[in-house]
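Worksheet for the structure shown next.
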Amino acid sequence: MLDKQGVYDCLRDHHIDFEITDHAPLFSMDDKPNVELPYPEWDAKNLFIRDHKREHYYLITVRGSKRVDLKQFRKDHKLKKISFGSEEELWDILKIKPGHVSPFCLLHDEDRKVHYYIDADYKDNLIGIHPNQNDATVWLQGKDLVKLIEEHGTIVEYITL
Numbered sequence: 001m002l003d004k005q006g007v008y009d010c011l012r013d014h015h016i017d018f019e020i021t022d023h024a025p026l027f028s029m030d031d032k033p034n035v036e037l038p039y040p041e042w043d044a045k046n047l048f049i050r051d052h053k054r055e056h057y058y059l060i061t062v063r064g065s066k067r068v069d070l071k072q073f074r075k076d077h078k079l080k081k082i083s084f085g086s087e088e089e090l091w092d093i094l095k096i097k098p099g100h101v102s103p104f105c106l107l108h109d110e111d112r113k114v115h116y117y118i119d120a121d122y123k124d125n126l127i128g129i130h131p132n133q134n135d136a137t138v139w140l141q142g143k144d145l146v147k148l149i150e151e152h153g154t155i156v157e158y159i160t161l
């Protein structure tokens, strides 16, 4: 499992440029106003969802300022009925606890069960995400993150909201 230092080492091993901002723990976007971030317009939030039969899992990463209408998302992507994954599913599949969810935890998904959706706004811009711990934000190019996740074998799809 990749802890915070493991994420940093992974990025260095893949020759990915990144910047780190250490801060107080952020458990949700509601905590964000209490933390000063260098690039607040590029921070991200992550939603872990599943279909009602618990056969398909999805991680959605969007800009922190955006809202995700799950009903519309389901229709747009022709998915079965969806809801948030449980704390147990989050741990069993991605080896992460609520409040620490990050695209980096997709690297824990050995069975590649989770389909990854990322906001198209990040395609040619920065993205700020937790390094599998919510007391820091890693800033890197969105395309570098996508390449790392795809190299792991995870299906990645850009979305427009």
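With the first letter of the sequence shown counted as 1, position 47 gets the number 47 in the UniProt record's numbering; the numbers rise by one all the way through. Beta carbons: idealized from backbone N, C-alpha and C, even for Gly. Since we're looking at a predicted model, the values are computed, not measured.
Looking at the secondary structure, which residues open and close the beta strand (DSSP E) in which residue i lies?
| i | result |
| --- | --- |
| V156 | V156 to I159 |
| residue 215 | Given a span of 1 to 161 for the chain in the structure shown, any question on residue 215 remains unanswerable. |
| R54 | Here R54 belongs to no beta strand (DSSP E), and DSSP marks it neither H nor E. |
| F84 | I82 to F84 |
What span of residues does the alpha helix (DSSP H) with residue i cover, start to end?
| i | result |
| --- | --- |
| H152 | G142 to H152 |
| D76 | L70 to D76 |
| D111 | Note, D111: premise wrong, no alpha helix (DSSP H); not H, not E. |
When DSSP builds the beta bridges, which residues end up paired with residue i?
| i | result |
| --- | --- |
| W139 | E19 and G128 |
| N46 | T61 |
| D119 | I159 |
If you draw a straight line from the C-alpha of residue i to the C-alpha of residue j, how long is it?
| i | j | result |
| --- | --- | --- |
| P38 | T21 | 8 Å |
| N125 | V114 | 24 Å |
| I129 | V62 | 10 Å |
| F73 | G6 | 32 Å |
| K95 | L161 | 28 Å |
| A24 | K4 | 14 Å |
| E36 | D43 | 11 Å |
| K147 | G64 | 22 Å |
| F84 | L90 | 10 Å |
Kindly give me the distance between the Cβ atoms of residue i and residue j, rounded to whole angstroms, as I take these residues to be in contact under 8 Å.
| i | j | result |
| --- | --- | --- |
| L106 | I49 | Rounded, the Cβ-Cβ distance is 14 Å, inconsistent with contact. |
| Y58 | Y117 | 6 Å |
| G153 | Y122 | Actually they are not in contact, since the Cβ atoms of G153 and Y122 sit about 20 Å apart, beyond 8 Å. |
| D51 | K78 | The Cβ separation is near 12 Å, so there is no contact. |
Using beta carbons (cut-off 9 Å, strictly below), is residue i in contact with chain C?
| i | result |
| --- | --- |
| L94 | In the displayed structure, chain C is absent; only one protein chain is listed. |
Contact between the region 132-151 and the region 101-121 is defined here as three or more beta-carbon pairs at a separation below 8 Å; is this criterion met?
yes
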